[in-house]
Each structure stands twice: as structure tokens, then as C-alpha cells.
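Residue numbers (our numbering): 743 to 1172.
Have a look at the structure below, then the notes.
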């Protein structure tokens, strides 16, 4: 019999240092250990303030890795545990900021084909590391606000154009409808954008609009004028009104009321309850006049920026006439503002389209809905103190010439925003 021979020992595993392994990335097989300079680069701060002493190479060091191109990243991950036992995640002040933006060329056409390498994001002047980038369309939650204080001619165009509104959206979108004249009113809560309920609500909400100013004198008035009033000289007892039939002229006209701020605030409060993963869009069809609202403009803008709501608008009536927009920059105190919608749009990263004809108003519905759905989306984790309630400015830059970037000017942090992008606090291992 042959004697049993001992088996040779296998080679000892080569264990790299614990400090050289980056969680979630692994280590290359038989690769060299990172140098001291590489470890220092990993520990570099996420934000570098651009200035005179900052080189292009230093700015590129901010974005060391590619962002997540599929889903909003989680800053903490559950630790593996025994099957069936819950895993608790501890949050440490995560403030994930999501910024939709649109890029247009000099002809005002949307620019496609950009990648995360073309984009730079700054918060309060400090460049941020991009953690999320997407070009995929997202479902919309739209709060539609219809101005019913328009003059009757413009109101007729809007009523007719609204028949084409459901076709501008997809079955995945939802919509709520609000109207305002002397005050805002909710016509329907959020429902399918192409449902019969939307069509019925639009039809039921039709109105004739505001009547024009009556003519109380002159050749276009409805009063009787005999020989320019000369009849009063020959027959003073018969015609004591100097040839003017009816009552004496009284120019006490009723003040126009356009509660646009109140309507936007009511619609924004409804949008705030929409679930995450949907783009919150407030869409206004109006001439932009504001007078008589209880809510102040700056307070409504703050509410929109706090709750990540984008305002878009189709300007109709006088505001759609060439030259009117330039004149609206001049405002006399204690008088009605002729058009405040461009200020809302600029603050929230939306878009305003001025259209006068019926056909163009119909086209604006699909244009605004399409651009809102197909915006670029960039996300980053803010390193500003999470409990600081101050306004934080945002600037999105595209590293290509002759392009305009449309994005919100900034935001106010909220406790809810601190957990966007983080995993659920409790999960179960299977």
C-alpha cells in the first residue's frame, strides 16, 4: 500500500490595507495601493469656490466620479444583517437638491445631447459635485390656473383653446384646475390629465369674461344727442339735460380685481401634496394682471421655491402684444400691476410664452408641457448647514458657447428635503 501523502498548503491570500478600500468601489485585482496623494484627493472637500486663485484643474477635481445616471443616489446604505431582521439607517442631515433645467440656443430652440460632463452646478457661488444626472422624461403634476377676469374677446379665445389642453399631456400626467376672478376657486382635484373629468370641468368652468368699459359720452355713447344740446336753449323745460337723454354722466367705474397671487398660492398648496418622483408644474393662462390679492408676491415666490414648484405661463390679451412687456417694467405705486408672471417664471425656472391668436394659444399648451417633461435634471448633496433657513442661490452652467440655461434661481431648505434621495429608514433583509 502507498502511504498517504500530505496535501500542500494553498498560497496565503494577499490582503490589502483596510484604509485603502473605498466602500462601494472595490479594489482592482493585484493592483497597486493608492498613494498618499490619492488618499488626500479622496478627502478633498466637495465644494471649491471659483475665484482668481482657482485653476481649471482644481475645478475639475470637484467632479471625481461619474454621477448616478439611473436613479437618485442614496447617501447611506443598509448594512447586511441576518435574514428577516430589520435594518435601521441613521440619517446625518442629508440635503439632496434636485434642479431641473432647460438649455436653448440663440434661436430659442431646446438643445439636446448634453451629458453630465457639460454641466457645472454652483450653490452660493461654490461648485457642487454632481451626484445625479438624467435626461429621461418624468410624469407631471400640473396645477392649471385659468384667468377669468380677462376681457370677453380674449376669454372667448381661451375657452376655445382649452379644448385642446388634454392632448398636450400623457396618460401618466395628473392635473388639477383652478380659476380666479374676484377670488380663486378650485374646480377639480388632481386627476388623470386625459380623463373625461378634465374635459367636463373645462366645459363647466367656461365664462364670458369681463365686459368692456361702457361709453358714457361722445359719438359712440348710447345717449340721445339732439343738435349737440342746442335744443335745451329753445325748450329748457322739455329737455333739461341739454339734449343728452338719460341720467347725467357719472364716471364711477367699478375697480378691476385680479387676484392672481391668491390663485397661484392656492394651486401651489395643492401641488405640495403631490408625491415625490413627479415634476410639480404650476401652469397659468392669464394676462398677468394683479390687483386685490391678500397674498404678497414675495411670499408666494418663497412658497414656490421652498416646495420645488416650477411656474410656466401662456400670456394672452394685452400682455401678448409686442412692446407691452417692456412697458411692464415700469410700475407706479398703488396701481395695478399689468403683468407679474415673468417675475414668477424667472424665479422658479419656468417659461412664459406670449400668444395672441387662437391657434398659437393651442400650440403653447403642448410646447410648455413637452419642455417641462423633458428637462435635464441634475442633483447634488448640499454641504451647507441643513438647519439654516436662509435662501440658497443656484447657478447652472453649460460648458458650451452661445447657449442659454433656464433654471430656478435658488431654494429655501425644508426638513422634508433633507431626506430626499435617502433610503427608507427601516428595511427587511430577505
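All C-beta atoms in this analysis are idealised placements derived from N, C-alpha and C, irrespective of residue type, glycine included.
Owing to the predicted nature of the structure, the values given are computational and were not obtained by experimental measurement.
Note the first and the last residue of the continuous alpha helix (DSSP H) segment covering residue i.
i: residue 949; result: No alpha helix (DSSP H) holds residue 949; DSSP gives it neither H nor E.
i: residue 846; result: Careful: residue 846 lies outside any alpha helix (DSSP H), inside the beta strand (DSSP E) at 838-846.
i: residue 1039; result: 1039-1048
i: residue 1084; result: 1083-1090
i: residue 1051; result: Counting along the chain, residue 1051 falls outside any alpha helix (DSSP H), and DSSP gives it neither H nor E.
i: residue 936; result: Unbroken run through residue 936: none, as it is neither H nor E.
i: residue 1004; result: 1002-1013
Along the beta strand (DSSP E) that carries residue i, what are the first and last residues, could you check?
i: residue 885; result: 882-889
i: residue 876; result: 872-876
i: residue 918; result: 916-922
i: residue 900; result: It is not in any beta strand (DSSP E) - residue 900 instead sits in the alpha helix (DSSP H) that spans 894-903.
i: residue 1146; result: 1146-1149
Determine which residues share a DSSP beta bridge with residue i and list them.
i: residue 857; result: None; residue 857 has no bridge partner.
i: residue 1028; result: 1057
i: residue 1117; result: Residue 1117 pairs with nothing; no bridge assigned.
i: residue 865; result: 868, 1136
i: residue 909; result: Residue 909 is not bridged to any residue.
i: residue 1096; result: 1057
i: residue 927; result: 921
i: residue 1122; result: 839, 872
i: residue 1022; result: 883
i: residue 1017; result: Looking at the DSSP assignment, residue 1017 forms no beta bridge with any residue, so it has no partner.
i: residue 852; result: 846
i: residue 1152; result: 1135
Going by the beta-carbon positions, is the gap between residue i and residue j smaller than 8 Å?
i: residue 1006; j: residue 1026; result: yes
i: residue 943; j: residue 1058; result: no
i: residue 1123; j: residue 1138; result: no
i: residue 941; j: residue 1003; result: no
i: residue 1085; j: residue 1154; result: no
i: residue 935; j: residue 919; result: no
i: residue 1010; j: residue 1045; result: yes
i: residue 1028; j: residue 1100; result: no
i: residue 882; j: residue 849; result: no
i: residue 860; j: residue 1147; result: no
i: residue 877; j: residue 1024; result: no
i: residue 840; j: residue 1126; result: no
i: residue 1149; j: residue 1098; result: no
i: residue 1016; j: residue 932; result: yes
i: residue 1021; j: residue 880; result: yes
i: residue 809; j: residue 872; result: yes
Count the other CB atoms, across all protein chains shown, that sit within 10 Å of the CB of residue i; report buried if there are 16 or more and exposed otherwise.
i: residue 1000; result: buried
i: residue 894; result: exposed
i: residue 1199; result: Residue 1199 lies beyond the residue range present for the chain, which begins at 743 and ends at 1172; the question has no answer from this structure.
i: residue 907; result: buried
i: residue 1131; result: exposed
i: residue 862; result: buried
i: residue 1013; result: buried
i: residue 891; result: buried
i: residue 921; result: buried
i: residue 1173; result: In this structure the chain extends from 743 to 1172, so residue 1173 is not present and cannot be described.
i: residue 992; result: Confidence is the limiting factor: at residue 992 the pLDDT is only 49, short of 50, which leaves the residue's position unreliable, though a coordinate-based value still follows. By the neighbour-count rule (16 or more Cβ atoms within 10 Å), residue 992 is not buried but exposed.
i: residue 1081; result: buried
i: residue 905; result: exposed
i: residue 1135; result: exposed
i: residue 997; result: exposed
i: residue 909; result: exposed
i: residue 885; result: buried
i: residue 926; result: buried
i: residue 874; result: buried
i: residue 945; result: exposed
i: residue 902; result: exposed
Heavy atom of the ligand ATP less than 7 Å from the Cβ of residue i, yes or no?
i: residue 1043; result: Of ligands this structure carries none, so the ligand ATP is not represented either.
State whether the stretch 1093-1111 contacts the stretch 1041-1060, with contact taken as three or more CB pairs (one from each stretch) at a distance under 8 Å.
Cβ pair count under 8 Å is three or more, so yes.
Pair every Cβ in the stretch 1102-1111 with every Cβ in the stretch 1037-1052, then say whether three or more of these pairs are closer than 8 Å.
The stretch 1102-1111, when compared against the stretch 1037-1052, does not touch it at the 8 Å Cβ threshold.
Is it the case that the stretch 1110-1120 contacts the stretch 844-856, given that we only count it when at least three CB pairs across the two stretches are under 8 Å?
yes
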